[in-house]
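Data first, discussion second: the structure below is written as structure tokens.
2 protein chains.
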Amino acid sequence: MSRYAVIMAGGSGTRLWPLSRRRRPKQLLRIVEGRSLLRAAYDRLTLVLPPESIHVVALEEHLPDMARELPEVPRSNLIGEPMGRDTANAVALAAALLHARDPRAVMGVFTADQVIRPSDRFAEVVRRGYAAAEEHPQALITFGVKPTEPHTGYGYIEHGEPAGAGVWRVRTFKEKPDLETARRYVASGRFYWNSGMFVWRTETILDHLRRLLPETHAAVQRLAACWKEADGARLAAEIYPSLRKISIDYAVLERSEGVLVVEMALEWLDVGHWTALPAVVGADPDGNTCALARSAMVASRGNIVVAEDEHLIALVGVEDLVVVRSGDATLICHREHLHRLKELTAELETTYEGLYG
Amino acid sequence: MSRYAVIMAGGSGTRLWPLSRRRRPKQLLRIVEGRSLLRAAYDRLTLVLPPESIHVVALEEHLPDMARELPEVPRSNLIGEPMGRDTANAVALAAALLHARDPRAVMGVFTADQVIRPSDRFAEVVRRGYAAAEEHPQALITFGVKPTEPHTGYGYIEHGEPAGAGVWRVRTFKEKPDLETARRYVASGRFYWNSGMFVWRTETILDHLRRLLPETHAAVQRLAACWKEADGARLAAEIYPSLRKISIDYAVLERSEGVLVVEMALEWLDVGHWTALPAVVGADPDGNTCALARSAMVASRGNIVVAEDEHLIALVGVEDLVVVRSGDATLICHREHLHRLKELTAELETTYEGLYG
Chain E
0 MSRYAVIMAG
10 GSGTRLWPLS
20 RRRRPKQLLR
30 IVEGRSLLRA
40 AYDRLTLVLP
50 PESIHVVALE
60 EHLPDMAREL
70 PEVPRSNLIG
80 EPMGRDTANA
90 VALAAALLHA
100 RDPRAVMGVF
110 TADQVIRPSD
120 RFAEVVRRGY
130 AAAEEHPQAL
140 ITFGVKPTEP
150 HTGYGYIEHG
160 EPAGAGVWRV
170 RTFKEKPDLE
180 TARRYVASGR
190 FYWNSGMFVW
200 RTETILDHLR
210 RLLPETHAAV
220 QRLAACWKEA
230 DGARLAAEIY
240 PSLRKISIDY
250 AVLERSEGVL
260 VVEMALEWLD
270 VGHWTALPAV
280 VGADPDGNTC
290 ALARSAMVAS
300 RGNIVVAEDE
310 HLIALVGVED
320 LVVVRSGDAT
330 LICHREHLHR
340 LKELTAELET
350 TYEGLYG
Chain D
0 MSRYAVIMAG
10 GSGTRLWPLS
20 RRRRPKQLLR
30 IVEGRSLLRA
40 AYDRLTLVLP
50 PESIHVVALE
60 EHLPDMAREL
70 PEVPRSNLIG
80 EPMGRDTANA
90 VALAAALLHA
100 RDPRAVMGVF
110 TADQVIRPSD
120 RFAEVVRRGY
130 AAAEEHPQAL
140 ITFGVKPTEP
150 HTGYGYIEHG
160 EPAGAGVWRV
170 RTFKEKPDLE
180 TARRYVASGR
190 FYWNSGMFVW
200 RTETILDHLR
210 RLLPETHAAV
220 QRLAACWKEA
230 DGARLAAEIY
240 PSLRKISIDY
250 AVLERSEGVL
260 VVEMALEWLD
270 VGHWTALPAV
280 VGADPDGNTC
290 ALARSAMVAS
300 RGNIVVAEDE
310 HLIALVGVED
320 LVVVRSGDAT
330 LICHREHLHR
340 LKELTAELET
350 TYEGLYG
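Listed in order, the protein sequences are those of chains E and D.
According to numbering that gives the first Met the number 0, the first sequence is numbered sequentially starting from 0.
According to numbering that gives the first Met the number 0, the second sequence is numbered sequentially starting from 0.
Shown next as structure tokens:
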């Protein structure tokens, strides 16, 4: 059995507008220590696998930028989807393509949305995951992050009996909890954050998909058969719009027996929204966080300022704002209202016909 | 006796940073209906006087820009000061220069800090002022704006007995009052806002200056004697630093007897700070005011947004902010903290060595 990795780099990143745009997804932002999240995810995986075993699934239109970001990865390892159809279809397509290449493939699925530290600990846990998948060829295996706080933005995984060193049987998956419930979860010591990262044999996940998401299974089999020919892209563009938008967690993991969880005890910071930034890059004594920006502050607290050039952002007497300047737009959003960014980008789409999207 | 006008266009406009800068004073900002405040002040005065009778006092370094803004005004009518020394010295210099040209000059002093509407009403009041100065050659005459609200940002003038149609004797000058006092002033019907605009014979104001501000008087006499020669500017640069920084109101008006006030009953909007903008350009139903800016707003109220180009300013979930984007800087200031702008520009001076000043 051979090991492969698939980095999930789809998604549009509305929540990081205006730094992320349709044509510049979150994973390509050089937001942390001058490296893109995609590059960081790749660099971590090279501690475990050679470049030719690492794949990326992303929107077709983003592949040229992804290729520039990861020149070491063979171009054929970059798998383009014609449109976003959530993780179930992305995982299925990657599984079918890997399986066609190597029917004994063990496939790890990794995200590029987090800052994960330290890398060597990550590599150790990932190796344990691959070993567990090889030892339990019928199992679906998920990575569970040891929670450091009662975060209400993540799904949780409750573990049951042990199934090896650092590996447990999953008892249940829990939706994003309220704060009280999250506190109880964390206090119990039996819960992990659902990382959205997995490892399994391609044969195993495809079997589950055949059973639980038959249309997707049939579609990716058809696509895998002609992927390398010009027909592949054409067929994908034809098939994809009809596929059901659904996550792999919801479509498969939560509806299957015998799922295992590998414990991931490390720093795991989601940078899917701006308020995650202070934890990643650190805040000053007034609680202000500046990333890349040239700024000046008077009587201002708890602000997050992100910019990309020498344009000065000056704050006077403001609190808890997120200010992001990028290209042709500047966002000024109260941090309690970040969930309304989608409303904003939708309005921009209407008013300015995609000019700032 | 001949009539002349002097527009006071000095001042640095820190309160309108970053739109106003050291090298781009407030009076040159095309902030209202695409016209600069200087241009608007000049246009108003042309209803009363020919261009060759209109003068401007400004910082020497701003004269080239002022000349571009007012090509009709003879270059020799633009009077440059080497540095700002408040209105007493600016008025004194202009008075001495006019007096040297025409000892029987009647000099109106006008500001360029306000939006004044309608212009024909203004012209009528100004003509009445000149006529009063000709009728009362020994009098200092000020224009008093009929208050429309108990504004605490202006000085007030209490009038006494009538001295002609729309002209009154001044009883007292009052400092900026608190709200309660301002309400009482307005309710009494006896008070005007101090407009900072005046009219008098040059001989009369120079007599008062000789008595009350002898150093300034002596200085401007020396300067007037050699103004047209190359020596003028050199001597001004030498003398100016030692002059006392003081306003003409405080130095002369408030310390003199027999001051008259001409009633100015018209719309008089000070645009010396950003919060004045909504009254000038109007606000939308959510109380947001946009000047020049391309903006988008979600769940935001009471904001003032000023920008100069197609860069998008997007506000989400914020209230009562002043957002001004100009050139290489963006200001985000809570409107209750606008008085701290000076702190900010001072800090910028230190941190960035004048780069954004």
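Ideal placement from N, C-alpha and C gives every residue a C-beta, glycine not left out.
With distances taken between CB atoms, is the gap from S299/D to V317/D smaller than 7 Å? yes
Range covered by the alpha helix (DSSP H) that runs through Y351/E: L340 to Y351
Beta-carbon neighbours of V297/E, restricted to chain D and to distances below 8 Å: H336, R339, E342, L343 and E346
Test: T349/E CB closer than 7 Å to a CB of chain D: no
Got a sec: which bits of the region 304-327 of chain D sit with their beta carbon under 8 Å from any beta carbon on chain E, in order along the chain? E309, H310, L311, I312, A313, L314, V315, G316, V317, L320, V322, R324 and D327
Three-state class that DSSP yields for E68/E in the structure shown: helix
Are the CB atoms of L314/E and I331/D nearer to each other than 7 Å? yes
Judging by CA-CA distance, which residue of D42/D, E352/D, T344/D and T349/D is the nearest neighbour of S19/D? T344/D
Please report the straight-line C-alpha distance between T13/E and V55/D, rounded to a whole angstrom. 52 Å
Spatially closest choice to S1/D from H98/D, E214/D and Y249/D, by CA coordinates: H98/D
Segment limits, beta strand (DSSP E) that includes A328/D: A328 to H333
From this set, E237/E, S194/E, H207/E and R22/E, which residue's C-alpha is nearest A264/E's C-alpha? S194/E
Below 8 Å on the Cβ atoms is my guess for F172/E versus G154/E; work out the distance and round it to an integer in Å. 6 Å
Cβ contact (3+ pairs, closer than 8 Å) linking the region 213-233 of chain E and the region 241-250 of chain E: yes
Go to Q113/D, then tell me how far its beta strand (DSSP E) extends in each direction, as first and last residue. Q113 to R116
Taking the straight line between their C-alpha atoms, what separation do you get for L291/D and A8/D? 23 Å
Does the CB of T329/E have a neighbour CB from chain D at under 7 Å? yes
Here's the rule: buried if 16 or more other CB atoms are within 10 angstroms of the residue's CB, otherwise exposed. What is R74/D? exposed
Helix, strand or coil: which one does DSSP assign to W226/E? coil
Below 7 Å between beta carbons: does that hold for L37/D and Q26/D? yes
For V124/D, which of helix, strand or coil comes out of DSSP? helix
Could you pull the start and end residues of the beta strand (DSSP E) that Y191/D belongs to? F190 to R200
From V321/D to P17/D, what distance separates their C-alpha atoms? 11 Å
Nearest-angstrom Cα separation, counted from V5/D out to A94/D: 9 Å
Anything in the region 259-276 of chain E with a Cβ closer than 9 Å to a Cβ of chain D? List those residues in chain order, please. none
T110/D, enclosing alpha helix (DSSP H) - first and last residue: T110/D -> not in any alpha helix (DSSP H); beta strand (DSSP E) instead, spanning A104 to T110.
On a CA-only basis, which of V114/D, D283/D and R127/D is nearest I140/D? Give me that one, please. R127/D
Which of helix, strand or coil DSSP assigns to D319/D: coil
Within its chain, find whatever has a CB closer than 6 Å to the CB of P284/D; leave out the 5 residues flanking it on each side and keep chain order. none
Return the residues of the region 279-293 of chain E that lie within a Cβ-Cβ distance of less than 7 Å from chain D, sorted by chain order. none
Determine whether the Cβ of Y355/E lies closer than 7 Å to any Cβ atom of chain D. yes
Helix, strand or coil for S1/D? Go by DSSP, reduced to three states. strand
Check whether chain E comes within 7 Å of C332/D, counting only Cβ atoms and requiring the distance to be less than that. yes
Cβ separation of L77/E and L62/E, assumed to be a contact under 8 Å, to the nearest whole Å: 5 Å
Assign Y239/E to one of three DSSP states: helix, strand, or coil. helix
Grab the span of the alpha helix (DSSP H) containing E160/E for me, first residue to last. From DSSP, E160/E is part of no alpha helix (DSSP H) but of the beta strand (DSSP E) over Y155 to G163.
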